[in-house]
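If you're matching them up, the sequences are chains B and C in order. Going by our numbering, the first sequence opens with residue 1, and the numbers climb by one from there. Going by our numbering, the second sequence opens with residue 1001, and the numbers climb by one from there. Reviewing the structure listed below.
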Amino acid sequence: MSEPIAGPAVHGERAGADPGRGGAAVRFDGVVKTYRVDDTAALGLKYRLLHLRSHLRDRRSRRAFTALDGVSFEVRRGECLGVIGRNGSGKSTTLGLMAGVYRPTAGTVSVAGRVSPLLELGAGFHPDLTGEENLLLNGILLGLTRDQVAARRDAIVAFAELGEFIGRPLRTYSSGMVARLGFSVVVHLDPEILLIDEVLAVGDEAFQAKCMRKMESFRAAGTTMVFVSHSMTAVSAICDRAALLEGGRLVAIGPTAEVVAEYGRRVRGDAPPPP
Amino acid sequence: MSRVRYYRDLVGVLLVKELKLRYKLTVLGYAWSVLHPLAFALVYFLVINRVMRVGGVDFLSILVTMFPWQWFQNSVTASNNFFLGNCTLIKKVCFPRSTLVLAGVLNDAVHFVASIPVIVIFMLLLGTAPAWAWLIQIPLLVAIQLAFTLGLALAVGTTNLFFRDLERMTAIVTMLWFFATPVLFRTEMLVPAGLEWMLYVNPMAPLIECWRRVFLDGVLPLRLAALAAAWAALAAWAGARIYRHHEWRFAEIV
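Set out below in structure tokens:
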């Protein structure tokens, strides 16, 4: 299990820097991320050709949407950081930058270690393939070589508690079974930095409890985790520290209880508290 | 080195997935995919030879070019969705996206190679035999067509993320392209019409003519093969360039 995992480990190259042992696992330095708001994108080439003049004119003044605006923070090695904030505050963009699927518009993102994103329910699975086939496909997509998946196969199947269903097509699974398989693949990647985006909301209570236990054991093993959630209960339960985003800016980072309280104050400030 | 092995494993598992979905899940998987070009070849032959009474076109000549053409057309059409169809993964996981294109085009390539026995059966039925030289000629032409198709598929797959109506345009363009390529007619027929130049501006023309000569005569016309290879190199280079230039924005735009 100790062999290096090749995988999509291009993250370190993005910033070309290793923040150093014992230091930060992830470091954001003045990170700005803007998306082009391109109203005509979905309308296609025909529309653009027919409206070429206005299109070229608007090109100069094309609006950009700023998802993150000068954000700097560190995720310490081995800690569990919760990222909280309202919808559209920049949480998913933050996670996408860590996963390496986005490139910062300005500033640097440095990631030291292999990143494993925990996918939403069934992403990358195909309903017509068996659990076994999906397991191999997903494991390789997430960065393992074929041999590495083969070596972990039994452990993944055992953790997912699928029994004989592992040989049946995924379309015969309940959504809870799909979630168990997906979670099981990811936890057996031996992640160094685990990114979790609101996935614990799926599955029954027994499975959720199992996920929480697994995350506790990851924390005990020194795995760095970044956890995006709207559930303050879950964030308070597992996170050492929390970061609060608002409108693309980092407004608070520190001990979970304080940041969660600050979030509550801000939410109550201009809107009624959520039930 | 481990990066290369990882890339290979990823393409392998994606390709096996495509092939399994293609062959395993329908009882007639293989038959369906073979019947399609076969039916096309037969219909065109009947219309041209029997209804319109145009001479010089025989069934085998259409058949042996229809199969490689269908590989090309299927791959280019499918390439519109190689990236778009995997948007959830692209948004979350930082795997090399070009593997999706490679696996998709290889899927059609494997299927083309798997359908060569059907071509052989028809050749034997119609009184000709395969040539030993095929063992060198066919892999060479497969490699040329693979490079050309990959380049185009990379370009189309990438461009379709930015202009979503490209898919409809691809359908029209490949249809026109089909009639501009010597699948239904022979290249010699272009000479009296003064259309020889089409052989040189259409990258698929020299390639399809090579397929015809190899299957029917066991001879690879070297000049045309070199021309096809040059087009393939250009397409592969341009496709890779377009893909590399835009790859970093894929997760934002899908």
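In this text, a Cβ means the ideal position worked out from N, Cα and C, and glycines have one as well.
Integer Cβ distance of residue i from residue j, believed to fall under 8 Å
| i | j | result |
| --- | --- | --- |
| B/Val-83 | B/Leu-245 | 7 Å |
| C/Ile-1119 | C/Phe-1215 | 6 Å |
| B/Thr-145 | C/Asp-1217 | Actually they are not in contact, since the Cβ atoms of B/Thr-145 and C/Asp-1217 sit about 45 Å apart, beyond 8 Å. |
| B/Leu-142 | C/Val-1105 | No, B/Leu-142 and C/Val-1105 are not in contact; Cβ-Cβ is about 24 Å, not under 8 Å. |
| B/Phe-65 | B/Phe-28 | Actually they are not in contact, since the Cβ atoms of B/Phe-65 and B/Phe-28 sit about 19 Å apart, beyond 8 Å. |
| B/Glu-192 | B/Thr-223 | 7 Å |
| B/Ala-99 | B/Val-115 | 6 Å |
| C/Phe-1072 | C/Gly-1157 | Going by Cβ atoms, the distance from C/Phe-1072 to C/Gly-1157 rounds to 15 Å, so no, they are not a contact pair. |
| B/Val-235 | B/Thr-256 | 6 Å |
| B/Leu-97 | B/Pro-104 | 6 Å |
| C/Trp-1211 | C/Leu-1141 | 6 Å |
| C/Val-1219 | C/Thr-1099 | Rounded, the Cβ-Cβ distance is 36 Å, inconsistent with contact. |
| B/Leu-81 | B/Arg-219 | Contact flag wrong, Cβ pair sits at about 11 Å. |
| C/Leu-1184 | C/Leu-1084 | Contact flag wrong, Cβ pair sits at about 32 Å. |
Extent of the continuous alpha helix (DSSP H) to which residue i belongs
| i | result |
| --- | --- |
| C/Pro-1117 | 1116-1125 |
| B/Val-109 | Element bounds for B/Val-109: not the alpha helix (DSSP H) but the beta strand (DSSP E), 106-111. |
| C/Ile-1208 | 1204-1217 |
| B/Ala-220 | 205-220 |
| C/Tyr-1200 | 1198-1201 |
| C/Val-1043 | 1029-1045 |
Any chain B beta carbon closer than 8 Å to residue i
| i | result |
| --- | --- |
| C/Leu-1089 | yes |
| C/Val-1108 | A quick correction: the sequence has Asp, not Val, at residue 1108 of chain C. For C/Asp-1108, the answer is no, since every Cβ of chain B falls outside 8 Å of its Cβ. |
| C/Ala-1251 | yes |
| C/Arg-1022 | no |
| C/Trp-1248 | yes |
| C/Val-1013 | yes |
| C/Val-1257 | Not covered by the structure: residue 1257 of chain C. The range shown for chain C is 1001 to 1254. |
| C/Tyr-1006 | yes |
| C/Asp-1217 | no |
| C/Leu-1010 | yes |
| C/Val-1156 | no |
| C/Cys-1210 | no |
| C/Phe-1095 | yes |
| C/Ala-1232 | no |
Under the three-state DSSP convention, the category residue i falls into
| i | result |
| --- | --- |
| C/Leu-1166 | helix |
| B/Glu-74 | strand |
| C/Phe-1185 | coil |
| B/Ser-89 | coil |
| B/Ser-116 | strand |
| B/Ser-231 | coil |
| C/Lys-1020 | helix |
| B/Phe-28 | strand |
| B/Cys-80 | strand |
| C/Glu-1247 | helix |
| B/Tyr-35 | strand |
| C/Pro-1139 | helix |
| B/Asp-197 | strand |
| B/Ala-99 | helix |
| C/Ile-1253 | helix |
| C/Val-1057 | coil |
| B/Pro-191 | coil |
| B/Pro-127 | coil |
| C/Thr-1158 | helix |
| C/Thr-1128 | coil |
| B/Thr-224 | strand |
| C/Ala-1133 | coil |
| C/Ala-1235 | helix |
C-beta neighbour in chain C for residue i, strict 8 Å
| i | result |
| --- | --- |
| B/Val-228 | no |
| B/Ile-166 | no |
| B/Pro-117 | yes |
| B/Thr-105 | no |
| B/Arg-146 | yes |
| B/Arg-21 | Legend: pLDDT at B/Arg-21 = 46, less than 50; position of this residue unreliable, no value from coordinates given. |
| B/Tyr-35 | yes |
| B/Asp-128 | yes |
| B/Tyr-102 | yes |
| B/Leu-142 | yes |
| B/Gly-96 | yes |
| B/Ala-179 | no |
| B/Leu-68 | no |
| B/Gly-124 | yes |
| B/Leu-136 | yes |
| B/Ala-64 | no |
Endpoints, the beta strand (DSSP E) within which residue i is located
| i | result |
| --- | --- |
| B/Ala-252 | 249-255 |
| B/Met-246 | The amino acid occupying residue 246 of chain B in the given sequence is Glu; Met does not appear at that position. Taken as a continuous stretch (DSSP letters only), the beta strand (DSSP E) holding B/Glu-246 covers 241-246. |
| B/Asp-147 | First-last for B/Asp-147: 146-160, but that is the alpha helix (DSSP H), not the beta strand (DSSP E). |
Which runs of the alpha helix (DSSP H) at least 4 residues long sit entirely within the stretch 1061-1108 of chain C? Give them in chain order.
The qualifying runs are 1087-1092.
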